[in-house]
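Engineer: Per this note's numbering: the sequence shown = residues 13 to 233.
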Amino acid sequence: MMLMRLKRDLTMAEAARGPGGARVDLLAVAEMVAPGAKVLDVGCGDGELLRLLGETRGVDGRGIELSREGVNECVAKGLAVIQGDADTDLADYPNDAFDYVILSQTLQATRQPRVVVEHMLRIARHAIVSFPNFGHWQVRMQLLFAGHMPQTDILPYSWYDTPNIHHCTIKDFQTLCAETGVKMERAVALNAWGSPLRLNAPWWFWNLFGEQAVFLLSRKG
């Protein structure tokens, strides 16, 4: 399958996309959502994922987005999106209000990632989290040999203007899930061209060669 890099949108700088134009990480997220589910997309950006879920999974989708520009673009597309902050507004949602809560490429920009994940699994039976992997070999090489904060296709910002305040690795997120008692039902690591790494590969391999990761989570017990 041919993949290509497209210019920056509201949620990622440059991302691998499939022939149909959808970002491959969003396709991985969509595959984890049951058809017809009730979904909340947190930090939904320009609404690309919500629209994809509506078209391919027939979901009842809602979204919250911090930027006014993102909200306006979503509303113009006919999506049910309100302005809100993941760090503060998830606390206002009642328990079990959704089937899935999705945090796509936003975890690293939250002030309290652990609290956000805990709220996600309070208000939904399942949570899907995707993020850029700060343990990728290109990131390590830039730190080791160039001696500066890394910049890659999915981490394009300079250290002084980045919205990302809590970089994490795949290993870090696995540890967070273990510490909070979260069940990892499914996980996918994508390489720089959007292709999934081997399912049976060890975690260290994913942590070294996965440019980004997508996790399907649920509550234990």
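Backbone N, C-alpha and C define an ideal beta-carbon position, used for all residues, glycine too.
(1) Any contact of the stretch 193 to 205 with the stretch 219 to 228, i.e. 3+ C-beta pairs under 8 angstroms?
(2) Look up residue 155 in the DSSP assignment and say whether it is helix, strand or coil.
(3) Can you tell me the Cα-Cα spacing of residue 215 and residue 183, whole angstroms?
(4) Need the endpoints of the beta strand (DSSP E) that residue 137 sits in, please.
(5) Restricting to Cα atoms, I'd like to know which of 58, 212, 64 is closest to residue 76.
(6) Considering residue 186, what are the terminal residues of the alpha helix (DSSP H) in which it resides?
(7) Please classify residue 177 as buried or exposed, where buried requires at least 16 other C-beta atoms within 10 Å of its C-beta.
(8) Using C-beta distances below 6 angstroms, list every residue in its chain close to residue 83, excluding the 5 sequence neighbours before and after it, in chain order.
(9) What would DSSP say about residue 121, mapped onto helix, strand or coil?
(10) In the DSSP assignment, what residue or residues form a beta bridge with residue 208?
(11) I need the boundaries of the beta strand (DSSP E) containing residue 55, first residue and last residue.
(12) Could you please give me the residues that DSSP links to residue 77 through a beta bridge?
(13) Reducing DSSP to helix, strand and coil, say where residue 111 ends up.
(14) Using 8 angstroms for Cβ pairs, my map puts residue 111 next to residue 46. What's the rounded Cβ distance?
(15) Go ahead and label residue 91 buried or exposed: buried means 16 or more other beta carbons lie within 10 angstroms of its beta carbon, across all protein chains shown.
Structural biologist: Judging by the given coordinates:
(1) yes
(2) helix
(3) 7 angstroms
(4) 136 to 144
(5) 58
(6) 182 to 192
(7) Counting Cβ neighbours within 10 Å, residue 177 comes out exposed, since fewer than 16 surround it.
(8) Same-chain partners within the cutoff: 77, 93, 95.
(9) Residue state, collapsed to three classes: helix.
(10) Under DSSP, residue 208 shares a beta bridge with 202.
(11) Element bounds for residue 55: n/a, residue is neither H nor E.
(12) 95
(13) Correct three-state label for residue 111: strand.
(14) 7 angstroms
(15) buried
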